[in-house]
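All residue numbers for the sequence shown refer to the working numbering, where the first residue is 13 and numbers rise by one. Beta carbons: idealized from backbone N, C-alpha and C, even for Gly. Computed from a predicted model, the values in this text were never measured in an experiment.
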Amino acid sequence: FKLLSPEQFKNKYSSDILESDVELKSKSNLYTYKITGLEYDDVKGKLSINYRQYQASDNKLLGAFTKEYDGFKKLGLEESQFSTKTAEEAAKLGLDFQSKSGKYEYIYRGKKINNSNGTITITVTQKALHGSKEFNTFTYVLQGFKKA
């Protein structure tokens, strides 16, 4: 990461990281890399970097890979605490999406905060826990926060 050391991960959500923040370099200069995408899991505090590795001498594709980093700040606020926080305060603390069956994870896509009616609208994509297949994208309206 260009401007972020592993010790600083705990202060950022993985979704705060932009593709331009990531730089892949070969220590031996024998390889080059092209980032093909980032996958965020703010619930677990993980970031996956998808990339392709090429041989530097002839630009031959050697394979497609994923490197995972964890230790990022995790989302987490229980529903019983909603009424003690405004929607804006709660959004700063984070919200935890867990699969009831344990077979899925949720990739955070964005949120809309409405302090006046005490709601947060969050968009997430459901993904198989041990795989790359993404399913539907859902919008959840969380309510019951202290109105401001």
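Proximity of residue i and residue j at Cβ, strictly below 9 Å
i           : j           : result
residue 99  : residue 157 : yes
residue 152 : residue 133 : yes
residue 102 : residue 128 : no
residue 35  : residue 49  : no
residue 146 : residue 56  : no
residue 131 : residue 149 : no
residue 63  : residue 37  : no
Nearest candidate by alpha-carbon position, reference residue i, set the options
i           : options              : result
residue 140 : 92, 126 and 115      : 115
residue 85  : 149, 153, 154 and 29 : 29
residue 58  : 27, 131 and 97       : 27
residue 155 : 94, 124, 78 and 60   : 94
residue 81  : 150, 148, 25 and 146 : 25
residue 23  : 104, 123, 72 and 62  : 104
residue 79  : 60, 138 and 19       : 60
residue 97  : 144, 126 and 83      : 126
residue 19  : 124, 74 and 83       : 83
residue 123 : 77, 74 and 54        : 54
Residue(s) in a DSSP beta bridge with residue i
i           : result
residue 64  : 46 and 76
residue 30  : None, per the DSSP bridge assignment.
residue 155 : 131
residue 126 : 131
residue 118 : 138
residue 59  : 52 and 81
residue 146 : 139
Buried or exposed (CB count within 10 angstroms, at least 16 for buried), residue i
i          : result
residue 51 : buried
residue 33 : exposed
_Contact between the segment 28 to 48 and the segment 59 to 72 is defined here as three or more beta-carbon pairs at a separation below 8 Å; is this criterion met?_
yes
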